[in-house]
Amino acid sequence: MATVEIQTLEKHYGSAHALKSITFTVRDGEFVVLVGPSGCGKSTLLRAIAGLEDVSAGAVRIGGRDVTDLEPRDRDIAMVFQSYALYPHMTVRDNMAFSLDVRRTPRPEIDARVTEAARILGLEPFLDRKPRALSGGQRQRVAMGRAIVRRPQVFLFDEPLSNLDAKLRVQMRAEIRGLHDRLGATSIYVTHDQVEAMTMADRIVVLEAGRIVQSGSPLELYGRPANRFVAEFIGSPSINIVEGRVEAGGAVALANGGRLPAPHGLRDGTVQIGIRPEDLVLDPSGPIGGPVRLVEHLGAETYVLFGPEAAPLTWRVAGTVDFPSGQDLRLRPDPDRLHVFDPATGNRL
Amino acid sequence: MIPLKGRELWLGYAFLAAGVLAIVVPFLFILATSLKYEIAIMQGRVIFEPTLYNYNDVLFGRRSNFVRNITNSLIVAGASTLIVLTVGTLAAYSLSRLRWARWISGAFLGWTMLFNTIPVLTVVGPWYLMFQQAGLYDTLLGLVLTHVAINLPMTVWLMMTFFGDIPAELEEAARVDGAGQAQAFRRVILPLVVPGLIAAGVLAFVFSWNEFTVALNLTSRGTATVPVGIANFAEQYEVQNGNMAAASVLSTIPALILMIFGQRFVVQGLTMGAVK
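These protein sequence lines map, in sequence, to chains X and A.
For the record, in the first sequence the residue sitting at position 24 is 25 according to the working numbering, with numbers rising by one throughout.
For the record, in the second sequence the residue sitting at position 112 is 1571 according to the working numbering, with numbers rising by one throughout.
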């Protein structure tokens, strides 16, 4: 396995600037997830690492070797595509053997590696089937198998779970992560699903409009988002944002008249306060509140939507609670877990 | 699909029957004529004693050149189909997959479309003059080249629809897996367009087999193809109706076999992209 170094990577499509000075390093054996909304450039970045997309400037190094101008086949990578991209005219066995076959690997070794990969992925009964005779989950496994028989330096995953149903997605993400650990692989995984990112990654790289906005462990990103975009993107349900004004007396006056203790070092002016839904507690004299709009029961927890109808806030409560619609709620945020953002730049203050 | 009921259904059947009859009746007429003696044909007999005399005369008669015509047609149709498929498939792949400047692919496809709309007779004259100078007049090679030129546009269009239907990710997967461009084309893309190759091949072969205008003008007795051979049964002072009918029936056999074999692919090819 190997490190992957991305240095000041740029990609232009005509006048569109898809990747803007992207720099990061994936350590040997690390599982890095590139995450961001549609059109943020995460798939373009992955394809640039794979060599499927030419870059306008910058460099890609795999295992210390500059591969920027190399063909995909010369980069020693394997990729799992969103659509799986299985060869429909080949059997599962031939699909998995293809990469070894084109590299003229001796037949006994091909057979051994395919058998081993099929055993790991539970594909042994399906080796002689064509992809059309497999379920979505089995196809996904074949795509994984095709990648692991290669024993590449780096695994690239382009939203590989997005075509699966919710239950299978949960199962497969555990399998992919388990496989990564077992193979000691270096993996770069693209998704727009922040739950996948949080559960699978050693490190998450968040992209917005072709730029890296933050890189860190899942809990770092959750607990200390660098800006409002990351705060809103990471976490489900999304973080609550309330407008406020820092007062001279060390408090933040909220738009609804409530007051919060201001975190240290804040200068006078307007701010945006981010409060995670689980960082609220019921308090009759709490500064935040409003009428209950909707109560969503998930069994293990309950989401209570309250406040202004146009932009309600969310309170996440463990267990089952119930409130009649319209009841006035008063809540107090945990003062140590407030996130304060500059309304102009969105950056953390 | 709109289901037909009652009167609409019967009307539909009537149109369908009329269409079938318009094709089948002339064919049956020719078939019947081919089994009659010349005298029965001249008398316009409906009831007659069938004979294979005309077939025997066409295939083995001393005056007949029909076996030679069939051989010529097989060579011309086979060779032109092979060349058209090779060139057309590579051109279609290149146009649909490689990143050509828009104006290049646009100009090429526009030209092929224009070429398809020009009556063949317009180019036969220039071809005749050019081929005489180049020593290609009255050669099978010359005829093969003209059939390639005529069939290529349709083949390129048809194959482009098949290539367009293959997800780009398959080729990318092959490239990541270690295949070069040529290897990815040969091992992954080409096997997936076999139905397209069959469809285009059948259409090109049948066209070449039936082509009359160019063959009539660019060949003579030794290089004449089947349609020209059939026309030659009508001479200035004698029309050999029986022989002509027998030759016509025989000429339909290869095309018929190919169409029966390739019909599914041809229909798929011509309607591809129309519905998802």
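Built from N, CA and C at the ideal position, the CB exists for glycine as well.
Any chain A beta carbon closer than 8 angstroms to residue i
i	result
ILE78/X	yes
LEU53/X	yes
ALA86/X	yes
ARG178/X	no
ILE7/X	no
PRO89/X	yes
VAL155/X	no
GLY217/X	no
VAL103/X	yes
ARG74/X	yes
SER188/X	no
SER100/X	yes
PHE82/X	yes
Cβ-Cβ distance between residue i and residue j below 8 angstroms
i	j	result
ASP203/X	VAL81/X	no
VAL1652/A	GLY1721/A	no
VAL207/X	LEU267/X	no
THR1605/A	TRP1586/A	yes
GLU297/X	GLY320/X	no
GLN154/X	ILE78/X	yes
SER237/X	GLN172/X	no
THR351/X	VAL27/X	Within the shown structure, residues of chain X are numbered from 2 to 350, placing residue 351/X beyond reach of any answer.
ALA186/X	PHE156/X	yes
ALA1627/A	ASN1528/A	no
MET145/X	VAL34/X	no
ASN1513/A	ALA1704/A	yes
ALA161/X	GLN141/X	Reading off the sequence, residue 161/X comes out as Pro, not Ala. For PRO161/X and GLN141/X, yes; Cβs fall inside 8 angstroms.
LEU1717/A	PHE1664/A	yes
ASN164/X	GLY123/X	no
GLY347/X	ASN228/X	yes
8 angstroms Cβ cutoff, residue i in contact with chain X
i	result
PRO1462/A	no
PRO1612/A	no
ALA1608/A	no
ASP1597/A	no
GLU1631/A	yes
LYS1735/A	Because the pLDDT at LYS1735/A is just 32, under 50, the model does not fix this residue reliably, and the point stays unresolved.
GLU1697/A	no
GLU1628/A	yes
GLY1639/A	yes
ARG1723/A	no
GLU1467/A	no
GLY1732/A	Confidence is the limiting factor: at GLY1732/A the pLDDT is only 44, short of 50, which leaves the residue's position unreliable and the question unanswerable from this model.
ARG1634/A	yes
ALA1477/A	no
Bridge-paired residues (DSSP) for residue i
i	result
PRO292/X	ASP329/X
THR26/X	GLU6/X
ILE274/X	VAL243/X and VAL341/X
LEU1604/A	The partner list for LEU1604/A (beta bridge, DSSP) is empty, contrary to what the question assumes.
VAL1582/A	Paired residue(s): none; VAL1582/A is not in a bridge.
TYR369/X	A question about residue 369/X goes unanswered here, because the residues of chain X that appear run from 2 up to 350.
ARG108/X	ARG108/X is not bridged to any residue.
PRO334/X	LEU281/X
PHE1644/A	Beta-bridge pairing links PHE1644/A to no other residue.
VAL1698/A	ALA1693/A
PHE32/X	SER188/X
PRO262/X	ALA252/X
ILE1461/A	Partner(s): none; ILE1461/A has no beta bridge.
VAL305/X	VAL296/X and TRP316/X
For the 8 angstroms Cβ check, are there 3 or more pairs between the stretch 1533–1540 of chain A and the stretch 1687–1697 of chain A? No, because fewer than three Cβ pairs between the stretch 1533–1540 of chain A and the stretch 1687–1697 of chain A fall closer than 8 angstroms, the two stretches do not touch.
Report yes or no: do three or more beta-carbon pairs, one from the stretch 164–178 of chain X and one from the stretch 14–23 of chain X, lie closer than 8 angstroms? Too few Cβ pairs lie closer than 8 angstroms, so no.
Counting beta carbon pairs with one atom in the stretch 251–264 of chain X and one in the stretch 221–230 of chain X, are three or more of them shorter than 8 angstroms? No, the stretch 221–230 of chain X is not in contact with the stretch 251–264 of chain X.
Determine contact between the stretch 277–295 of chain X and the stretch 321–336 of chain X, defined as no fewer than three beta-carbon pairs at a distance below 8 angstroms. When C-beta atoms of the stretch 277–295 of chain X are compared with those of the stretch 321–336 of chain X, three or more pairs fall below 8 angstroms, so the two segments count as touching.
Below 8 angstroms between beta carbons is the criterion; list the residues of the stretch 1643–1657 of chain A that meet it against any residue of chain B, in chain order. Although the question refers to chain B, the structure presented lacks it and instead comprises the protein chains X and A.
Give the list of continuous alpha helix (DSSP H) stretches no shorter than 4 residues that lie fully inside the stretch 208–246 of chain X. Taken in chain order, the unbroken stretches of alpha helix (DSSP H) that lie wholly in the stretch 208–246 of chain X and span 4 residues or more are 219–224 and 229–234.
Three Cβ pairs or more, each shorter than 8 angstroms: is that satisfied between the stretch 1640–1651 of chain A and the stretch 1671–1681 of chain A? The stretch 1640–1651 of chain A vs the stretch 1671–1681 of chain A: no contact.
Is the stretch 36–53 of chain X touching the stretch 94–104 of chain X in the sense that three or more CB pairs, one from each, lie closer than 8 angstroms? No: the two stretches stay apart, fewer than three of their Cβ pairs being nearer than 8 angstroms.
With a floor of 3 residues, list each beta strand (DSSP E) that falls wholly inside the stretch 114–200 of chain X, ordered by position along the chain. Scanning the stretch 114–200 of chain X for uninterrupted beta strand (DSSP E) segments of 3 residues or longer gives 155–159 and 187–192, listed from N- to C-terminal end.
Examine the Cβ distances between the stretch 1478–1493 of chain A and the stretch 1701–1715 of chain A and report whether three or more of them are shorter than 8 angstroms. Yes, the stretch 1478–1493 of chain A is in contact with the stretch 1701–1715 of chain A.
What runs of the alpha helix (DSSP H), each 4 residues or longer, lie entirely inside the stretch 1475–1549 of chain A? Fully enclosed alpha helix (DSSP H) runs of no fewer than 4 residues occupy 1497–1502 and 1512–1519 of the stretch 1475–1549 of chain A, in order along the chain.
Meets three-Cβ-pair contact criterion under 8 angstroms: the stretch 301–317 of chain X and the stretch 244–252 of chain X: In the pairwise beta carbon analysis, the stretch 301–317 of chain X is classified as not touching the stretch 244–252 of chain X: fewer than three pairs are separated by under 8 angstroms.
For the structure I just gave you, are there three or more beta carbon pairs, one from the stretch 105–117 of chain X and one from the stretch 59–66 of chain X, closer than 8 angstroms? These segments do not touch.
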